[in-house]
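Please read the structure below before turning to the comments.
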Amino acid sequence: MEDTRRDVCDRCKRPLRVCYCASLPNEPLATKSTHVVVLQHQHEKRRRAAISSVPLLAQTIENVTLVTVDEACDCGPGKNEQLDAFLYDEGGDDTFDTAMILFPDEHAQPLGEGVGRETQRVLLIVIDGTWKEAKKIAHRNKKHWEKAARDWEIRGAKLEYVCLAGELKRSIYGDLRR
Numbered sequence: 012m013e014d015t016r017r018d019v020c021d022r023c024k025r026p027l028r029v030c031y032c033a034s035l036p037n038e039p040l041a042t043k044s045t046h047v048v049v050l051q052h053q054h055e056k057r058r059r060a061a062i063s064s065v066p067l068l069a070q071t072i073e074n075v076t077l078v079t080v081d082e083a084c085d086c087g088p089g090k091n092e093q094l095d096a097f098l099y100d101e102g103g104d105d106t107f108d109t110a111m112i113l114f115p116d117e118h119a120q121p122l123g124e125g126v127g128r129e130t131q132r133v134l135l136i137v138i139d140g141t142w143k144e145a146k147k148i149a150h151r152n153k154k155h156w157e158k159a160a161r162d163w164e165i166r167g168a169k170l171e172y173v174c175l176a177g178e179l180k181r182s183i184y185g186d187l188r189r
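Residues in the sequence shown are numbered from 12 upward in steps of one, following the numbering used here.
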């Protein structure tokens, strides 16, 4: 029987006719003051791998860390070493001045307002999943993140919710995927 699988690009793993690598920089762009942590629901990683934007992000900019979130959606302290080091480090090495969780929480400020401040080192936390999965991740971890915000404040840093302008309390992910 003849192998009917399509040839795929070695870099983006997409079929050659829809490869986007020619549009990407040869090397990821430097992001000296920003680190992006993507909390990706395990179903998003498996189901939507062919259209996921996370690999594109990792190939476009430096300093991207992917944390896969399981069905329980618990991203609290002790669940992931990388997330612990970035967000929950009790030692408080002051790596970041601000952490921003991109999610349209009722207390979220538009992202542009946070960018205008004199913040030097930013940890941007992005939730990747269907709208239902993203809400589950955000809601299950709200208490962890509130405690982390208090810990960050003690050391003179800030952890806050941010959203895209005009997206307060709306489904930013649902709107993008329609």
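Glycine is no exception: its CB is placed at the ideal position from the N, C-alpha and C atoms.
Going straight from the alpha carbon of residue i to that of residue j, what length do you get?
i, j, result
"Ala110", "Lys146", "19 angstroms"
"Leu192", "Arg16", "Shown here, the chain extends from 12 to 189; a query on residue 192 therefore has no answer."
"Ile183", "Cys174", "Only weak support exists for where Ile183 lies, its pLDDT of 41 falling under 50; the value from the coordinates is given anyway. Distance between the alpha carbons of Ile183 and Cys174 is about 8 angstroms."
"Arg57", "Ser63", "10 angstroms"
"Tyr31", "Cys23", "7 angstroms"
"Ser44", "Asp162", "21 angstroms"
"Asn152", "Glu164", "18 angstroms"
"Glu82", "Trp156", "19 angstroms"
"Val29", "Lys158", "44 angstroms"
"His118", "Cys84", "21 angstroms"
"Lys154", "Glu144", "17 angstroms"
"Pro36", "Asn91", "30 angstroms"
Give me, in chain order, the residues of the same chain whose beta-carbon lies closer than 6 angstroms to that of residue i; leave out the 5 immediate sequence neighbours on both sides.
i, result
"Ala2", "The requested residue 2 is not part of the displayed model; the chain covers only 12 to 189."
"Gln69", "Just to set this straight, residue 69 is Ala in the shown sequence, not Gln. Cβ within range, chain order: Val75."
"Ile226", "Given that the chain is displayed from residue 12 to residue 189, the structure contains no residue 226 and the question cannot be resolved."
Give every residue of the same chain whose Cβ lies closer than 8 angstroms to the Cβ of residue i, excluding the five residues on either side of it in the sequence, and list them in chain order.
i, result
"Phe107", "His46, Phe97, Arg132, Val133, Leu134 and Ala168"
"Gln120", "Glu171, Tyr172, Val173 and Cys174"
"Asp95", "Pro88 and Gly89"
"Leu122", "Met111, Leu113, Val173, Cys174, Leu175 and Ala176"
Here's a check: name, in chain order, each residue in its chain whose Cβ is nearer than 7 angstroms to the Cβ of residue i, leaving out the five neighbours to either side.
i, result
"Val80", "Leu50, Gln51, His52, Gln53, Cys86 and Ile148"
"Ala41", "Glu73"
"Pro39", "Gln70, Thr71, Ile72 and Glu73"
Which whole-angstrom value describes the C-beta separation of residue i and residue j, a residue pair presumed to lie in contact below a C-beta threshold of 8 angstroms?
i, j, result
"Gln93", "Val78", "6 angstroms"
"Asp116", "Tyr172", "4 angstroms"
Could you work out which residue in the options is closest to residue i when comparing CA atoms only?
i, options, result
"Pro66", "Asp116, Arg25 and Phe114", "Arg25"
"Val48", "Glu55, Lys153 and Ile138", "Ile138"
"Ala33", "Thr71, Asp18 and Pro88", "Thr71"
"Gly140", "Leu35, Glu38, Glu55 and Ser44", "Glu55"
"Phe114", "Asn91, Leu35 and His150", "His150"
Do the CB positions of residue i and residue j come within less than 8 angstroms of each other?
i, j, result
"Leu27", "Asp21", "no"
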